[in-house]
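Student: Protein chains in written order, with the numbering used here: chain A, 0 to 279; chain B, 89 to 423; chain C, 248 to 557. Each residue gets a CB set at the ideal place from its N, CA and C atoms; glycine is no exception. This is the structure, below, for whatever I ask next.
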Amino acid sequence: MNILTKRKIRNKVALSLSVFAAVIGLFWLFFILWDVFRHGMSFITMDLFTKDPVPPGFQGGGLRNAFVGQILITLVAMVIGIPFGILGGTFLSEYGRHSRLGRFISTLSDIMVSVPSIVIGTFVYAIMVKPIGHFNGWAGGVALAIIMIPVVIRTTEDMMSLVPWSLREAAFALGAPYYKVITQVVYRGAATGIFTGILLSIARVAGETAPLLFTSFNNSFFTTNLSESTPSLTVTIFQYAMGPYDDWHGMAWAAALVITVAILLVTVAGRLLIKWRYRS
Amino acid sequence: MKLKTIFFSLLLLAISPALMAGNTINGAGATFPYPVYSAWAFNYFRTTGVRVNYQSIGSGGGVRQIKNRTVDFGASDAPVKPAELKAGNLLQFPAIIGGVVPVVNVKGLSAGRLKLTGEALAEIFLGEIKKWNDPRIEALNKGLNLPDSEITVVHRSDGSGTTAIFTTYLSACSGDWSRKVGTGKSVNWPVGIGGKGNEGVANYVKRVKNSIGYVEFAYAKQSRMCYVKLKNKSGRFVEPSFESFKDAAAGARWNPDTGYYLWLVDAPGDGSWPIAGASFILLGKEKSAVNRKVVDFFEWAFKNGDETARKLIYVPLPESLKRSIRDYWKKNGID
Amino acid sequence: MSNQNVTDYKDKLFRVVTFGAALVVLVVIVGIFASLVEQSLPAIRKFGFFRFLTTPTWDPVHEVFGAASSLYGTIVTTVLAMIIAIPVSIGIAIFMTELCPNFLKGAMGTAIELLAAIPSIIYGMWGLFTLAPIMGNTVEPFLQHTIGKVPYLGSLFSGTPLGIDILTASTVLSIMIIPFMASIARDTFTLTPQVLRESAYGIGATRWEVIRNVVLPYSKGGVFGGMVIAMGRALGETMAVAFVLGNKHQIAHSLLDASATITVTLANEFTEADSNMYMASLFYLALILFVMSFLTLAAAKFILKERAKS
């Protein structure tokens, strides 16, 4: 066999392997999505959203408490996480741009994005559950906010750095102070990007389970009082999927379907937005 | 602007429960009585509007949480020793009686077909009997066609009163077990995989072929699992049932002065199921206002909950014991 | 106060507020470390550092705790997941940058992003209900009958195939990190200057040779950094493995044995621990995990930064 054919064969083999890898990747995606859809679909009923759980052995029931609890906890995370994230990102991209501390915090945020979320759960347990004396929804919200902040900080920083420096200089030339330049020029320029970052960070925290296990815990009743233990979809999925009852499994699949679809929609919306905004 | 709206609506949400406060009792602990407590709580909420939020996290957690007063009541299937009750300033009383049953997942076996003794069970959980067609199992089950496959043991991964009851039974039957492993809410298991809660063990046994585990009977019943017959102290093979649990509890001598500390395993009597146990409620002695609410719930359950319990194959407490518990409440400043 | 002063004041205020917000990250990280140390002090005092790390016992009855078995589970599942994920994700990245027709590129990118966005609990649940039976009934018996017969290597596949074991957990974990690694690898591949590629083609190189000798060497630092970040993630993943690992504190020799990772131990036992020493030991585990993943991620950042400099 001459060397040229050998090279050609090697080329074919290597490239086919990479196509194969891509097919495997897509295969998992469709396998998982299809499975969640197949199992969950038949349990999506009106009752799922409007009724509270019933004990095993009783008929009917839904997961209204978990849906509402999940939304409340996520809202708390947003109310804390978004302002801190945007302001912190502002500092990193503007005032702290060249300072060592700014660079250091930026790197720390990058690391914190990937800190194990269950560790954040144990931390919030130590500072908010143990001293208060019982599990509570606020702690769950704080745990999610801690996960959210570095994500928002980093996207805000990146998006604001993309705004051309000349834009700021033009505003300075008109005599505007720095904070005005930031709030009226830079924010405006980076708005879509920051918004997308926020969307993606919401998608990230809405599917978190581990940090909620020891903070907001669970509750079999409907509650809007975040100072008691608060149910969430993800913890409920964990409990129901690990349980032995068929209707629990069904509910867990249905909840999984709802949360997956919601998160994927938010993610896709974020991607489209970015694409539309930064097309040029 | 948008943030402001979100903030205020959140504030509103935070305040609104104050209007309906005081209507929740938080309890946590044993997974063993979870089916019956949650059924009681469901009916209690329907009739009185009071929520009893009972989370089944395991007896170990129940005891710790009531010690730290992070819940209004704790629940444990392993009775807490009188000295420990005193140290934690706790009250303790039984609320329901049930049975722990070994469950298996072996192809071709249906519920109640397989017969085992306490010794054989201990040897399986020690990893000494490794296969289903071991002569020690076949000797007890003449005529059953047992497969030549490895046994997978499923046990609890969390601190559990069910485990305490089960290991107390194994220790009573097998010297080897009590020497090598001992008893406790969680033990150092020689073999097997761990499931979280009665739910987790039931789920794993259902999913793993040729496995054996132990769960509270309601879990076996509701998820249609294959339970086994056990040889009791009188040498008879009995099925787990309402009657055999009741027989096991019949001879019990309850003593309020020790916080009703009592094990019901390996009980005498022809019809007794050998692994029965009571599930206990723990209260913080000093929290009289909260205790009143908790006791109200159990008083309601003692009066109206027997039927629900029976349906789930739990044994309601005998009337004499209920009277004794009411006196116990009164004596400790709750009525 | 003059107008100028007011503006200065506002500017300063804004600066301070944003600085405070940025400082939160630092405060939280220091806070996590400090509070975990504080909570685990009783266990640190009782078991020390090296003894805790090397003791495989996890015995709540006698209050003897050691991290070795959970640490072992964490490391084994992570390493195995990396072994599965690295070739697949590099393959995906090559496909996306070098082979994929343009009209498919966007769709493929979105698909990978979506795979990364699926919550980990969905992976875990799917692992238990769908993947575990497939592994236990088909894949694992097959492996036993093939690789299982090879001397030495075979012992990795001994035991009863249950589907609830290290192999299944690592598979789920690898599916979770593949999209993450693939998108990092793709991003670094695209950074390879087009000129380099074209000159290689110009001297008659095949596509694979261009990838092998130009693209891969050019981006190896970035890809390596990405792998380490993915590893940091895998170390700390909880829900994807909690369902299918079997929660058994042991140093397992077979991939078909149950095991426990630090994260799974925390998830299962944290709310249930009944003694102070038990609780402190769990916090100690959390501390070890935190330090481990922090160092891994910091190393990855360092590698990427060095690369950006050169």
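Assign A/TYR277 to buried or exposed, taking buried as 16 or more other Cβ atoms, counted over all protein chains shown, within 10 Å of its Cβ.
Tutor: For the purposes of this step, residue 277 of chain A is taken as residue 278 along the first sequence, with counting starting at 1. Exposed, because fewer than 16 other Cβ atoms sit within 10 Å of the Cβ of A/TYR277.
Student: Looking at the secondary structure, which residues open and close the beta strand (DSSP E) in which B/VAL303 lies?
Tutor: Along the second sequence, read from residue 1 onward, the residue named residue 303 of chain B stands at position 215. First-last of the beta strand (DSSP E) with B/VAL303: 299-304.
Student: Using beta carbons (cut-off 8 Å, strictly below), is A/ASP280 in contact with chain C?
Tutor: The displayed coordinates of chain A run from 0 to 279. Any statement about residue 280 of chain A would go beyond what the structure contains.
Student: Just by C-beta distance, which residues in the stretch 280-293 of chain C are closer than 8 Å to chain A?
Tutor: SER282, LEU283, GLU285 and GLN286
Student: Using a Cβ-Cβ cut-off of 6 Å (strictly less than) and excluding sequence neighbours within five positions of B/SER259, which residues of its own chain qualify?
Tutor: What you label residue 259 of chain B is simply residue 171 of the second sequence in a count that begins at 1. Same-chain partners within the cutoff: TRP265, SER266 and THR271.
Student: Do C/PHE541 and A/VAL114 count as a contact pair if the criterion is CB distance below 8 Å?
Tutor: Here the question's residue 114 of chain A lines up with position 115 in the first sequence. Here the question's residue 541 of chain C lines up with position 294 in the third sequence. Yes; because the gap between Cβ atoms is below 8 Å, this pair is in contact.
Student: Establish whether the CB of C/ALA546 and some CB of chain A are separated by less than 8 Å.
Tutor: Position 299 of the third sequence, counted from the start, is the residue given in the question as residue 546 of chain C. No - not a single Cβ of chain A is within 8 Å of the one on C/ALA546.
Student: CB of A/TYR177 to nearest heavy atom of the ligand ZN: below 7 Å?
Tutor: This structure simply doesn't include the ligand ZN, nor any ligand for that matter.
Student: Can you tell me the Cβ-Cβ gap for B/VAL242 and B/GLY301, rounded? I've got them flagged as a contact below 8 Å.
Tutor: Numbered from its first residue, the second sequence carries residue 242 of chain B at position 154. Numbered from its first residue, the second sequence carries residue 301 of chain B at position 213. Confirmed, about 4 Å.
Student: How would you list, in chain order, the residues of chain B whose beta-carbon sits under 8 Å from the beta-carbon of A/PRO54?
Tutor: As a working mapping, residue 54 of chain A is identified with position 55 in the first sequence. The contacting residues are PRO123, SER126, ALA127, ALA129 and PHE130.
Student: Return the chain-ordered list of same chain residues with a C-beta closer than 7 Å to the C-beta of B/ALA340, the five sequence neighbours on each side being excluded.
Tutor: Taking the first residue of the second sequence as 1, we reach residue 340 of chain B at position 252. Excluding five sequence positions before and after B/ALA340, the CB atoms of its chain that fall closer than 7 Å to its own CB belong to LEU350 and LEU352, given in chain order.
Student: Return the residues of the stretch 303-324 of chain C that lie within a Cβ-Cβ distance of less than 7 Å from chain B, sorted by chain order.
Tutor: Listed by position along the chain: ASP306, PRO307 and VAL308.
Student: In chain A, which residues lie with their C-beta within 9 Å of the C-beta of B/ALA290?
Tutor: On the second sequence, residue 290 of chain B is found 202 positions in, with the first residue counted as 1. The contacting residues are GLY242, PRO243 and TYR244.
Student: With DSSP collapsed to three states, give me the class of B/CYS314.
Tutor: The residue labelled residue 314 of chain B in the question sits at position 226 within the second sequence. Strand.
Student: Helix, strand or coil, according to DSSP, for C/ILE369 in the structure here?
Tutor: The residue given as residue 369 of chain C occupies position 122 in the third sequence. Reduced to three states, the DSSP call for C/ILE369 is helix.
Student: Taking C/GLY483 as the reference, which of A/ALA138, A/ALA13 and A/PRO210 has the closest Cα?
Tutor: Along the third sequence, read from residue 1 onward, the residue named residue 483 of chain C stands at position 236. Nearest option by C-alpha distance: A/PRO210.
Student: Comparing C-alpha positions only, which one of C/LEU532, C/LEU544, C/VAL538 and C/ALA555 sits nearest to C/ALA315?
Tutor: Translated into the one-based positions of the third sequence, residue 315 of chain C becomes position 68. Of C/LEU532, C/LEU544, C/VAL538 and C/ALA555, the residue nearest in Cα terms is C/LEU532.
Student: Please check the pair B/ASP165 and B/SER147, which I expect to be a contact at CB under 8 Å, by giving their CB distance rounded to whole angstroms.
Tutor: Residue numbering aside, residue 165 of chain B sits at position 77 when the second sequence is read from its first letter. Residue numbering aside, residue 147 of chain B sits at position 59 when the second sequence is read from its first letter. Confirmed, Cβ separation roughly 5 Å.
Student: Might you give, ordered along the chain, the residues of its own chain that have their beta carbon closer than 6 Å to the beta carbon of B/GLY117, omitting 5 neighbours on each side?
Tutor: Position 29 of the second sequence, counted from the first residue, corresponds to residue 117 of chain B. Closer than 6 Å at Cβ, skipping near neighbours: SER147, GLY150, GLY162, ALA163 and SER164.
Student: Give the secondary structure of B/THR112 by DSSP, where H, G and I count as helix, E and B as strand, and everything else as coil.
Tutor: Locating residue 112 of chain B in the second sequence gives position 24, where the first residue counts as 1. In this structure, B/THR112 counts as strand in the three-state DSSP scheme.
Student: Roughly how many angstroms lie between the CA atoms of C/ALA364 and B/GLU331, to the nearest whole one?
Tutor: If you number the third sequence from 1, residue 364 of chain C lands on position 117. If you number the second sequence from 1, residue 331 of chain B lands on position 243. Distance between the alpha carbons of C/ALA364 and B/GLU331 is about 53 Å.
Student: If you compare alpha carbons, which of C/GLY371, C/ILE413 and C/ASN460 is closest to C/TYR448?
Tutor: For the purposes of this step, residue 448 of chain C is identified with residue 201 of the third sequence, where counting begins at 1. Nearest option by C-alpha distance: C/ASN460.
Student: Is B/ASN141 helix, strand or coil when you go by DSSP?
Tutor: On the second sequence, residue 141 of chain B is found 53 positions in, with the first residue counted as 1. Strand.
Student: Is the distance from the Cβ of C/MET372 to the Cβ of A/ILE236 below 8 Å?
Tutor: In the third sequence, the residue the question calls residue 372 of chain C occupies position 125. In the first sequence, the residue the question calls residue 236 of chain A occupies position 237. Result yes, Cβ atoms of C/MET372 and A/ILE236 sit closer than 8 Å.
Student: Using the C-alpha atoms, what's the distance from B/PHE390 back to B/LEU409?
Tutor: Translated into the one-based positions of the second sequence, residue 409 of chain B becomes position 321. Translated into the one-based positions of the second sequence, residue 390 of chain B becomes position 302. Taking the straight line joining both Cα atoms gives about 11 Å.
Student: What does B/ASN221 touch in chain A if you count any residue whose Cβ is under 8 Å from its own?
Tutor: What you label residue 221 of chain B is simply residue 133 of the second sequence in a count that begins at 1. Ordered by position in chain A, no residue passes the 8 Å Cβ test against B/ASN221, which lies about 27 Å from the chain.
Student: Please list, in chain order, the residues of the stretch 383-411 of chain B that have any C-beta partner in chain A closer than 9 Å.
Tutor: LYS399 and LEU400
Student: Do C/PHE294 and C/GLY313 come within 8 Å of each other at the CB atom, strictly closer than that value?
Tutor: Taking the third sequence and counting its residues from 1, the one referred to as residue 313 of chain C is at position 66. Taking the third sequence and counting its residues from 1, the one referred to as residue 294 of chain C is at position 47. For C/GLY313 and C/PHE294, yes; Cβs fall inside 8 Å.
Student: Measuring only between beta-carbons, confirm whether A/ASN10 sits less than 8 Å from chain C.
Tutor: For the purposes of this step, residue 10 of chain A is taken as the residue at position 11 of the first sequence. Yes, A/ASN10 lies at the interface with chain C (some Cβ there is under 8 Å from its Cβ).
Student: How would you call C/ARG480, buried or exposed, if buried means at least 16 neighbouring beta carbons within 10 angstroms?
Tutor: The sequence position of residue 480 of chain C within the third sequence is 233, counting from 1. It counts as buried.
Student: For C/ASN205, name the three-state secondary structure that DSSP assigns.
Tutor: This structure leaves residue 205 of chain C out entirely; chain C is present only between 248 and 557.
Student: What residue from B/LEU214, B/GLY247, B/ASN221 and B/ALA364 has the CA that sits closest to B/TYR257's CA?
Tutor: Your numbering for residue 257 of chain B matches position 169 in the second sequence. Ranking B/LEU214, B/GLY247, B/ASN221 and B/ALA364 by Cα distance to B/TYR257 puts B/ALA364 first.
Student: Quick one: does B/ASN114 have its CB under 8 Å from some CB of chain A?
Tutor: Numbered from 1 along the second sequence, position 26 holds the residue referred to as residue 114 of chain B. Output row for B/ASN114: interface = yes.
Student: Determine the chain C residues that contact B/GLY196 at a beta-carbon separation under 8 Å, and present them in chain order.
Tutor: Counted from its first residue, the second sequence places residue 196 of chain B at position 108. Within chain C, no residue comes near B/GLY196; the closest Cβ sits about 17 Å away, beyond 8 Å.
Student: By the three-class DSSP mapping on this structure, what secondary structure does A/VAL151 have?
Tutor: Here the question's residue 151 of chain A lines up with position 152 in the first sequence. Three-state DSSP puts A/VAL151 in a helix.
Student: Just the Cα atoms here: how many angstroms apart are B/VAL189 and A/VAL267?
Tutor: Position 101 of the second sequence, counted from the start, is the residue given in the question as residue 189 of chain B. Position 268 of the first sequence, counted from the start, is the residue given in the question as residue 267 of chain A. Whole-angstrom Cα-Cα distance: 50 Å.
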